[in-house]
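Residue numbers (the numbering used here), protein chains in the order written: chain A, 162 to 260; chain B, 25 to 440.
Note that the Cβ used here is the ideal one computed from N, Cα and C, for glycine as well.
Owing to the predicted nature of the structure, the values given are computational and were not obtained by experimental measurement.
Structure first, then comments.
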């Protein structure tokens with residue numbers, strides 16, 4: 162069972178949230194210049210890392226706001242959360258670069 | 025290889041069962057092979073076995089990071105079936121079911137195959153129409169399947185709550201009589217023994233740490249027991265497929281999730297078929313020891329933790345008790361999770377890759393067990409001929425670029 166830190170509501174039980182998949186995978190701003198390979202990369206290809214994962218969650222049974230979580234996929238340890246549009250926490254960014 | 029028979033059983037029984045030879049050779053890694061298969065689960069072992077048997081390629085190493093069959097091969101709920109909607113999947117899973125039907129004789133290893141029938145329940149009108157469509161599609165592909173009325177379901181599964189006032193009313197069901205269960209350990213051990221007897225090296229406790237390349241061509245692997253050279257490397261590593269592919273610079277449309285299952289305390293015979301429910305996502309069968317084997321769904325988030333979360337189990341137990349009130353006071357003895365590699369269209373990838381000599385067999389998600397021999401059979405062909413067999417051609421990595429997805433969420437989502 163995860164305890165997820167919502168940036169607005171604080172630590173809450175996993176069942177209050179819905180998972181929204183890998184974060185920072187932005188839809189191409191100019192869609193018609195993309196070829197099929199680039200679309201496939203955006204739509205389907207996943208990092209699926211063993212270790213740090215930056216992912217979106219929504220507090221569905223709470224404030225209903227989307228935010229990002231930095232979680233380790235092997236231990237399920239949550240390193241922190243941050244609002245949409247913010248940069249990942251420094252610890253997360255460092256770990257990701259070295260990974 | 026000592027042939028297993030009633031005579032060998034009696035002979036060894038008289039010696040107190042202390043003189044059985046090892047089922048497969050304990051192999052040390054050689055410097056090079058013709059083919060390296062990464063992953064000593066059912067799929068990897070079947071691949072090695074059919075490479076040797078069907079294609080005469082015996083210079084093969086199966087490298088496994090722990091012991092064989094300890095991953096998802098030993099964690100599924102042993103259900104086999106081929107009741108898939110689309111032609112591509114029906115052909116592939118039916119090939120596998122046919123291989124299962126002859127596997128005991130082929131491997132000289134009792135698979136304890138029990139074709140006791142697999143039932144899928146419909147709880148809503150939409151469910152029922154969906155099942156009818158699926159049954160018709162399956163029959164057009166020449167595979168056995170039929171629709172059952174509520175009375176027919178009740179006759180086969182007396183413990184099922186078919187009251188119209190039930191929380192999950194049963195409106196009908198589909199049945200594949202050739203579906204059932206087959207012992208998963210027997211597949212791993214039988215395939216390992218038969219592959220080893222044909223010359224395949226099964227190397228346990230040997231983890232791949234890098235995939236070696238020369239330009240766009242694979243040249244071998246680096247392992248915890250030293251480098252091994254090979255012009256062909258085949259990945260059959262389930263949850264670890266993305267991780268291994270990333271060693272060769274590839275990104276795949278796969279995410280890894282925990283999938284849970286449970287067994288209850290043993291009971292007298294209570295249910296003699298497999299029953300699953302797509303709507304409430306719970307499935308049930310009874311093992312030879314009498315335990316109820318109950319499958320659950322995947323956790324929604326990516327995880328390699330090999331343990332699922334309690335809310336998933338709570339949902340499944342709630343549905344189970346509504347459907348089968350008789351089990352309400354039953355205690356669960358064990359719960360476990362396996363990490364499954366899920367593709368966006370719930371269909372596998374059995375494919376060549378942009379790296380020459382590197383082959384991928386993964387993305388089986390929640391439904392890989394039932395495909396074990398078929399998966400190995402087509403993958404062996406793909407590796408030996410360096411091109412896919414017609415059965416696995418649609419399951420290429422390119423389908424995510426061309427858009428020719430094989431959407432099997434309806435058939436694949438439940439029963440593993």
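Using the C-alpha atoms, what's the distance from residue j back to residue i?
i: residue 253 of chain A; j: residue 245 of chain A; result: Caution applies to residue 253 of chain A, whose pLDDT of 48 falls short of 50 and renders its modelled position unreliable; the value that the coordinates give is listed next. Roughly 15 Å separates the two Cα atoms.
i: residue 349 of chain B; j: residue 174 of chain B; result: 17 Å
i: residue 181 of chain A; j: residue 217 of chain A; result: 5 Å
i: residue 197 of chain A; j: residue 425 of chain B; result: 6 Å
i: residue 165 of chain A; j: residue 205 of chain A; result: 26 Å
i: residue 93 of chain B; j: residue 173 of chain A; result: 38 Å
i: residue 40 of chain B; j: residue 33 of chain B; result: 10 Å
i: residue 291 of chain B; j: residue 313 of chain B; result: 8 Å
i: residue 140 of chain A; j: residue 248 of chain A; result: No answer is possible for residue 140 of chain A: the residues shown for chain A start at 162 and end at 260.
i: residue 283 of chain B; j: residue 236 of chain B; result: 32 Å
i: residue 69 of chain B; j: residue 125 of chain B; result: 18 Å
i: residue 266 of chain B; j: residue 308 of chain B; result: 31 Å
i: residue 381 of chain B; j: residue 115 of chain B; result: 26 Å
i: residue 385 of chain B; j: residue 323 of chain B; result: 23 Å
i: residue 239 of chain A; j: residue 242 of chain B; result: 37 Å
i: residue 214 of chain A; j: residue 183 of chain A; result: 7 Å
i: residue 95 of chain B; j: residue 195 of chain A; result: 39 Å
i: residue 280 of chain B; j: residue 329 of chain B; result: 10 Å
i: residue 345 of chain B; j: residue 278 of chain B; result: 33 Å
i: residue 168 of chain A; j: residue 331 of chain B; result: 27 Å
i: residue 182 of chain B; j: residue 176 of chain B; result: 10 Å
i: residue 439 of chain B; j: residue 204 of chain B; result: In this prediction, residue 439 of chain B scores a pLDDT of 46, lower than 50, which makes its location untrustworthy; the coordinate-derived value is nonetheless stated afterwards. So the two alpha carbons sit approximately 11 Å from each other.
i: residue 236 of chain A; j: residue 180 of chain B; result: 43 Å
i: residue 67 of chain B; j: residue 203 of chain A; result: 30 Å
i: residue 413 of chain B; j: residue 91 of chain B; result: 30 Å
i: residue 226 of chain A; j: residue 220 of chain A; result: 6 Å
i: residue 391 of chain B; j: residue 47 of chain B; result: 28 Å
i: residue 404 of chain B; j: residue 71 of chain B; result: 5 Å
i: residue 212 of chain A; j: residue 262 of chain B; result: 17 Å
i: residue 222 of chain A; j: residue 171 of chain A; result: 13 Å
i: residue 25 of chain B; j: residue 229 of chain A; result: 56 Å
i: residue 421 of chain B; j: residue 186 of chain B; result: 44 Å
i: residue 469 of chain B; j: residue 202 of chain B; result: What the structure shows of chain B is the stretch from 25 to 440, and residue 469 of chain B is not part of that stretch, so it cannot be assessed.
i: residue 257 of chain B; j: residue 170 of chain B; result: 42 Å
Residue i: buried (16+ other C-beta within 10 angstroms of its C-beta) or exposed?
i: residue 293 of chain B; result: exposed
i: residue 31 of chain B; result: exposed
i: residue 158 of chain B; result: buried
i: residue 160 of chain B; result: exposed
i: residue 393 of chain B; result: buried
i: residue 369 of chain B; result: buried
i: residue 347 of chain B; result: buried
i: residue 423 of chain B; result: buried
i: residue 342 of chain B; result: exposed
i: residue 352 of chain B; result: exposed
i: residue 365 of chain B; result: buried
i: residue 432 of chain B; result: buried
i: residue 101 of chain B; result: buried
i: residue 258 of chain A; result: Any reading at residue 258 of chain A must be qualified, since the residue scores a pLDDT of 45, below 50, and its modelled position is unreliable; no value is offered.
i: residue 210 of chain A; result: buried
i: residue 315 of chain B; result: buried
Is the beta carbon of residue j closer than 8 Å to that of residue i?
i: residue 112 of chain B; j: residue 378 of chain B; result: no
i: residue 55 of chain B; j: residue 253 of chain B; result: yes
i: residue 259 of chain B; j: residue 63 of chain B; result: yes
i: residue 151 of chain B; j: residue 200 of chain B; result: no
i: residue 218 of chain B; j: residue 226 of chain B; result: no
i: residue 317 of chain B; j: residue 269 of chain B; result: no
i: residue 162 of chain A; j: residue 177 of chain A; result: no
i: residue 362 of chain B; j: residue 340 of chain B; result: no
i: residue 372 of chain B; j: residue 387 of chain B; result: yes
i: residue 401 of chain B; j: residue 74 of chain B; result: yes
i: residue 399 of chain B; j: residue 430 of chain B; result: no
i: residue 224 of chain B; j: residue 232 of chain B; result: no
With a threshold of 8 Å, are at least 3 pairs of Cβ atoms found where one atom belongs to the stretch 355 to 362 of chain B and the other to the stretch 295 to 314 of chain B? no
Of all the alpha helix (DSSP H) runs that stay within the bounds of the stretch 179 to 236 of chain A, which reach a length of 4 or more residues? 197 to 204
Run through the stretch 60 to 102 of chain B for me and flag every whole beta strand (DSSP E) of 3 or more residues, listed as ranges in chain order. 84 to 87
When the Cβ atoms of the stretch 77 to 92 of chain B are set against those of the stretch 194 to 209 of chain B, are three or more pairs found closer than 8 Å? no
I'd like to know if the stretch 82 to 102 of chain B and the stretch 41 to 54 of chain B are in contact, where contact means that at least 3 CB-CB pairs between them fall below 8 Å. yes
Do three or more CB pairs link the stretch 404 to 411 of chain B to the stretch 121 to 132 of chain B at distances below 8 Å? no
Which parts of the stretch 230 to 264 of chain B are runs of the beta strand (DSSP E), unbroken and 3 residues or longer, counting only runs that do not cross its ends? 232 to 238, 241 to 247, 250 to 253, 256 to 259
Decide if the stretch 269 to 278 of chain B is in contact with the stretch 108 to 126 of chain B; the criterion is three or more beta carbon pairs, one per stretch, under 8 Å apart. no
So, does the stretch 183 to 197 of chain B touch the stretch 133 to 151 of chain B, judging by three or more C-beta pairs under 8 Å? yes
Can you list the beta strand (DSSP E) stretches of 3 or more residues lying completely in the stretch 278 to 304 of chain B, in chain order? 279 to 290, 298 to 301
So within the stretch 189 to 234 of chain B, which uninterrupted beta strand (DSSP E) runs reach at least 3 residues, ignoring any that extend past its ends? 196 to 200, 225 to 227
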